[in-house]
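S.K.: Right, I'll just put the structure down here and ask away after.
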Amino acid sequence: MTQGAMDQALAGQAGITSNTTKYVYFFGGGAADGNGRMKDVLGGKGAGLAEMTNAGLPVPPGFTIQTDACREYMRGADNADMNAEMLIALERLERLQGQKLGHGENPLLVSVRSGAKFSMPGMMDTILNLGLNDQAVEALAKRSGNPRFAYDSYRRLIQMFGDVVLDMGKKGFEAIFDSVKEREGVKFDYELQPQALKDVIVEYKKLVKKETGKDFPQAPLEQLVAARDAVFRSWNNDRAKTYRRINHIDDWLGTAVNVQAMVFGNLGENSGTGVGFTRNPATGEHVFFGEYLMNAQGEDVVSGVRTPLPISELERVMPRVYEHLRSITWKMEKHYRDLQDFEFTIQDGKLYMLQTRNGKRTGLAAVRIAIDMVREGLITQEEAIFRVEPNQLYDFLVPRLVEKGEKIEVLATGLPASPGAAVGQIVFSAEDAVKYHNNGTYRTIILVRGETTPEDIAGMEVAAGILTSRGGMTSHAAVVTRGMGKCCVAGAGDCVVNEAKKELTVKGHTYKQGDWISLDGTTGRVIAGQLKTLPAQPDDPDLVKFMSWVDPVRRLKIRANADVPRDAKQARLFGAEGIGLCRTEHMFFAEDRIGHMRTMILADNEKDRREALKALLPMQRADFEGLFETMESLPVTIRLLDPPLHEFLPQREELLVQIARLEETKPRSPKLKELRTLLARVQELHEVNPMLGLRGCRLGIAFPEITEMQARAIFEAAVNVKVKGGDPHVDVMVPLIGSIEEMRNQATIIRRIASEVFKEKGSSVEFLVGTMIELPRAALTADQIAEEAEFFSFGTNDLTQTTFGISRDDINHFLPAYMKAGIFKHDPFATLDQAGVGLLVKMATAKGRNTRPTLQVGICGEHGGDPESVKFCHKIGLNYVSCSPFRLLTARLAAAQAAVQEMQTGPDIHNGTC
Ligand code: PEP
Ligand code: MG
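Taking the numbering used here, I'd label the letters of the sequence shown as residues 125 to 1038.
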């Protein structure tokens, strides 16, 4: 379409206004249509630009096309009103600037950038220098007196436009650019002279024509419309979708588009561009922190192609600009009362702010900044609780390298981009990381790249750590890993990464895919080999202080899933208020026990089974004593044997192979008879659907002597500990109940054994007998079950499995397809399905309490450590959640946030118990 035709088409639509939605918000000239509170409408970036403009900061003017327009675009609507408003805003911008988009002696050039409600750094697309064409570039060259800059800007536009709007990818452009550089004998982009850049432009345009069949559009308005639509489309590119899935961002929010007058950091040595933070986002330290490059555009700083300078250097080079920047960012931090992440450009010695927003930070930094800001009077203690994402508290628990007594060979030192340690096998592409993670080839993976790009997001998610040879502390790898709480060493310049050959060469050694290395993201060291790691100490004083604000406000109790005394100790260290689930079967897998367990299973009569159980009894009793002692007077919930018995026996196929071998080599061996007996029993126990077969309470009903042994071990242990001066608090839990009859059967055995033990020992303890609710029938008949059960614990792993009818072990076969199709927003085994499984939990709780008002209710499935699920448990009035020890801090914080939210907004009458 020609400029004229496009102008006409849009102008024709200008008069049509069919609804009242305002699609375009202007900012500039000291005032903005919008403001900082309008993130839903303007996206984070648009709202920030409006707020900065209203605050009188030096922001290049422009306009924001709001998120509604993106949603309409995604629905395929032809939005005439939006087009019309955009034209009006463009004219206003042209008037304000005294320029015309892509026209005249002083052409207006704009950037077109995405900006969603929630920051999605680098996930969507941006186009810079828009408005340049064959004429405008000459005008720009003349006016700036810097032809090199003008041609470079034009070739960047064609490249970005080709990649983002025309879907041509980057490779073809890069090949042309590299070949011209080679021809000219230069190493760096900025060494190319104007004529060479002109040659690049000619070749770029030829490439566009060849690949798309059309010329690179010369009409500035046509460029603008196409760029705007491409940014809308970028909301749905794969990396943006992956990012949203990981960060639980709704797919339907859409992005706003910000069209803003360009300012240039690449006008010459008096210009530059940079990014920074008002405090250190890795450690939280209260120091001005950032990087910049002179004579460069923004992408040069973050892409990692050139290594930027620390911002302190700017103070030396341009003290006035530096002071101005400091005072603006400090004001913005005070205004937003949060860490600011900002972008700026210096054009010919004049400072412009392109963005300031609340900055992403590591968990360590989040806690430290929250504490400092309370001390500085910027925020209240209650607000501080929300300044840390519950999952970020893992940072305090991330592993550290064991160095004492180890011979450590430091291969290279890069930037300490994201703290913690990672020890793993190296891979060189995101695809390989995903592949080898999913097929289990490598246990822990380190993704090694020259630099990462947003396309690498899925690989970064599965990697334990990231190593890059290029890029600074604000490079993509650094920013993204900090958000993920993953260890990252960035810009390790001594590492030569050959992604094509899958090799890392450093200090004369070449490491190939699958080789082990160790990373220390806290110091930036890359270390040879497979070091051991130590769990972090959770006794960091900042953390202790922060948790002392968190704990008093929460109502929900937090217990741990811990099977052995060692886990229980760890759990207490992380603040567990009891054990919510001890899976007793885990005690049987130890070498000294599995034999007895197998003898018990292989026994074909009750007498022999009882004999074997007798051998197991003292072992179980000793474990329980350890648990009771560690937990002192905190509740310890012990679940009776749950898994199908065949899990304790060798695999059928394994046995067949062993038998076949012996038949050939030692046909008379007594071992052969033994193996045949074992095989027969394995075959007898074989079930088509073991998770729906002989497991849970069905085991204790079919073989009451198992329940008897376990109950005896529990009560003997409790009495022994009590006699020694302890105060055990015992909850015995029956798994996989579906009916009151099952519950009654098992509870009767447990209570009978308790009285026997108490009589024999001449001492007793108080105890409760309760059940897990893991089957829909149990939830539906919870009122009846509560007649027998003195507590409920929702086993939401099995309850999710049985409610959805999805095998918890096989969901990976179709989960990616379900996520892609938008059927699942989350893995339901990770985040509780509130609408379905959650409804059962809520209903069963109400039914149970109707029968037994004092009923204690908790959950002990994996969801107990997931922040969203914990908040749901708070809302529906559970008494506790139970999770693995390393998730305790997360659960404690999530529970506190839920309680404060409830205080602020009142109970949720749709979900709550009222
Ligand atoms: C559950 O089903 O949620 C549960 C905790 O039990 P398990 O995972 O041991 O089946
Ligand atoms: Mg279960």
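C-beta: ideal position from N, C-alpha, C; glycine also.
Would you tell me roughly how many angstroms separate the C-alpha atoms of residue 135 and residue 211, rounded to the nearest one?
M.R.: Within the sequence shown, the letter at position 11 stands for residue 135. Within the sequence shown, the letter at position 87 stands for residue 211. Per-residue confidence for residue 135 stands at a pLDDT of 41, beneath the threshold of 50, marking its modelled position as unreliable; the derived number appears in the next sentence. Rounded to whole angstroms, residue 135 to residue 211 spans 8 Å at the Cα level.
S.K.: What whole-angstrom Cβ distance do residue 754 and residue 837 have, given they're in contact under 8 Å?
M.R.: Along the sequence shown, one-based indexing puts residue 754 at 630. Along the sequence shown, one-based indexing puts residue 837 at 713. So it is not a contact: roughly 17 Å between Cβ atoms.
S.K.: Taking the alpha-carbon of residue 964 as reference, which of 907, 644, 1019 has the nearest alpha-carbon?
M.R.: Numbered from 1 along the sequence shown, position 840 holds the residue referred to as residue 964. For residue 964, the nearest C-alpha among the options comes from 907.
S.K.: When the distance is taken between beta carbons, is residue 557 closer than 7 Å to residue 120?
M.R.: The question about residue 120 has no answer here: the residues shown for the chain are numbered 125 through 1038.
S.K.: Alpha carbons only, please: which of 418, 423, 846 is nearest the one belonging to residue 435?
M.R.: Position 311 of the sequence shown, counting from 1, holds the residue named residue 435. For the residues 418, 423, 846, the minimum Cα distance to residue 435 belongs to 418.
S.K.: So residue 561 is in the beta strand (DSSP E); what residue range does that whole segment cover?
M.R.: Your numbering for residue 561 matches position 437 in the sequence shown. Premise fails: residue 561 lies in the alpha helix (DSSP H), 554-562, not in any beta strand (DSSP E).
S.K.: Mapping DSSP to helix, strand and coil, what is residue 136?
M.R.: Translated into positions along the sequence shown, residue 136 becomes position 12. Per-residue confidence for residue 136 stands at a pLDDT of 39, beneath the threshold of 50, marking its modelled position as unreliable; no derived number is given.
S.K.: Taking 6 Å as the cut-off, is the beta-carbon of residue 997 closer than that to any non-hydrogen atom of the ligand PEP?
M.R.: The residue labelled residue 997 in the question sits at position 873 within the sequence shown. Outside the cutoff, so no.
S.K.: Assign residue 376 to one of three DSSP states: helix, strand, or coil.
M.R.: In the sequence shown, residue 376 corresponds to position 252, counting from 1. Reduced to three states, the DSSP call for residue 376 is coil.
S.K.: Can you tell me whether residue 1031 is helix, strand or coil according to DSSP?
M.R.: For the purposes of this step, residue 1031 is taken as residue 907 along the sequence shown, with counting starting at 1. Residue 1031: coil per DSSP, three-state reduction.
S.K.: If we define contact as Cβ-Cβ less than 7 Å, is residue 345 a contact residue for chain D?
M.R.: You won't find chain D in this structure, because it holds only one protein chain.
S.K.: According to DSSP, is residue 446 helix, strand or coil?
M.R.: Position 322 of the sequence shown, counted from the start, is the residue given in the question as residue 446. If DSSP states are grouped into helix, strand and coil, residue 446 belongs with the helices.
S.K.: Go ahead and label residue 536 buried or exposed: buried means 16 or more other beta carbons lie within 10 angstroms of its beta carbon, across all protein chains shown.
M.R.: Residue 536 sits at position 412 when you count from the first residue of the sequence shown. Buried, since its Cβ has 16 or more Cβ neighbours within 10 Å.
S.K.: Which residue's Cα is closest to the Cα of residue 863: 439, 1003, 909?
M.R.: For the purposes of this step, residue 863 is taken as residue 739 along the sequence shown, with counting starting at 1. Minimum Cα distance to residue 863 is reached at 909.
S.K.: Just to confirm, are residue 236 and residue 383 a CB contact at a threshold of 7 Å?
M.R.: As a working mapping, residue 236 is identified with position 112 in the sequence shown. As a working mapping, residue 383 is identified with position 259 in the sequence shown. Cβ distance < 7 Å, so residue 236 and residue 383 count as in contact.
S.K.: Report the three-state DSSP secondary structure of residue 594 (helix, strand or coil).
M.R.: Here the question's residue 594 lines up with position 470 in the sequence shown. Residue 594: coil per DSSP, three-state reduction.
S.K.: Please specify which runs of the beta strand (DSSP E), each continuous and at least 3 residues long, are wholly inside the region 391-475, giving them in chain order.
M.R.: Those beta strand (DSSP E) runs which fall completely within the region 391-475 and span 3+ residues are 396-401, 413-418, 464-471.
S.K.: What would DSSP say about residue 192, mapped onto helix, strand or coil?
M.R.: In the sequence shown, the residue the question calls residue 192 occupies position 68. Helix, per DSSP.
S.K.: Tell me which same chain residues have a C-beta within less than 8 Å of the C-beta of residue 294, skipping the five on either side of it?
M.R.: Here residue 294 corresponds to residue number 170 of the sequence shown, with the count starting at 1. The residues are 283, 287.
S.K.: Check each candidate in 950, 976, 628, 961 and name the one with the smallest Cα separation from residue 369.
M.R.: Position 245 of the sequence shown, counting from 1, holds the residue named residue 369. Measuring from the Cα of residue 369, the nearest candidate turns out to be 950.
S.K.: Considering only heavy atoms of the ligand MG, does any lie closer than 6 Å to the CB of residue 919?
M.R.: Position 795 of the sequence shown holds residue 919. Yes, the ligand MG has a heavy atom inside 6 Å of this Cβ.
S.K.: So for residue 821, helix, strand or coil by DSSP?
M.R.: Within the sequence shown, the letter at position 697 stands for residue 821. Helix, per DSSP.
S.K.: So, helix, strand or coil for residue 793, using DSSP?
M.R.: In the sequence shown, residue 793 corresponds to position 669, counting from 1. Coil at residue 793, not helix or strand.
S.K.: Following a CB-centred definition, is residue 821 positioned closer than 6 Å to any heavy atom of the ligand PEP?
M.R.: On the sequence shown, residue 821 is found 697 positions in, with the first residue counted as 1. No - the ligand PEP has no heavy atom lying nearer than 6 Å to the Cβ of residue 821.
S.K.: Look at the Cβ atom of residue 351, then the Cβ atom of residue 289, and state whether they are nearer than 7 Å.
M.R.: Taking the first residue of the sequence shown as position 1, residue 351 is located at position 227. Taking the first residue of the sequence shown as position 1, residue 289 is located at position 165. Contact flag set, yes.
S.K.: What are the partner residues of residue 627, as DSSP defines its beta bridges?
M.R.: Here residue 627 is taken as the residue at index 503 of the sequence shown, counted from 1. According to DSSP, residue 627 bridges with 622, 636.
S.K.: Give, in chain order, every unbroken run of the alpha helix (DSSP H) that is at least 4 residues long and sits entirely within the region 792-869.
M.R.: 794-809, 821-826, 828-847, all fully within the region 792-869.
S.K.: Is it the case that the CB of residue 922 approaches a heavy atom of the ligand MG more closely than 6 Å?
M.R.: As a working note, residue 922 is residue 798 in the sequence shown. The answer is yes for residue 922.
S.K.: Name the two residues that bound the continuous beta strand (DSSP E) containing residue 889.
M.R.: Taking the first residue of the sequence shown as position 1, residue 889 is located at position 765. Counting along the chain, residue 889 falls outside any beta strand (DSSP E), and DSSP gives it neither H nor E.
S.K.: When every heavy atom of the ligand MG is checked, does at least one fall within less than 6 Å of the C-beta of residue 898?
M.R.: Here residue 898 refers to the residue found at position 774 when the sequence shown is read from its first residue. Within the cutoff, so yes.
S.K.: Do you know offhand how far residue 440's Cα is from residue 497's?
M.R.: Start at 1 with the first residue of the sequence shown, and residue 440 comes out as number 316. Start at 1 with the first residue of the sequence shown, and residue 497 comes out as number 373. Roughly 29 Å separates the two Cα atoms.
S.K.: What is the DSSP secondary structure of residue 1025, reduced to helix, strand or coil?
M.R.: Counting from 1 along the sequence shown, the entry for residue 1025 is found at position 901. Correct three-state label for residue 1025: helix.
S.K.: Does the Cβ of residue 469 have 16 or more other Cβ atoms within 10 Å, making it buried, or fewer, making it exposed?
M.R.: Residue numbering aside, residue 469 sits at position 345 when the sequence shown is read from its first letter. Burial call: buried.
S.K.: With DSSP collapsed to three states, give me the class of residue 127.
M.R.: The residue labelled residue 127 in the question sits at position 3 within the sequence shown. The pLDDT assigned to residue 127 is 41, lower than 50, so where the model puts this residue is not dependable; a value taken from the coordinates is nonetheless given after this. Three-state result, residue 127: helix.
S.K.: How should residue 645 be labelled, buried or exposed, when 16 other C-beta atoms within 10 angstroms of its C-beta is the threshold for buried?
M.R.: Numbered from its first residue, the sequence shown carries residue 645 at position 521. By the 10 Å Cβ count, residue 645 comes out buried.
S.K.: Quick check on residue 562: buried or exposed, where buried means 16 or more other Cβ atoms within 10 Å of its Cβ?
M.R.: To locate residue 562, count along the sequence shown from 1; it is residue 438. Result: exposed.
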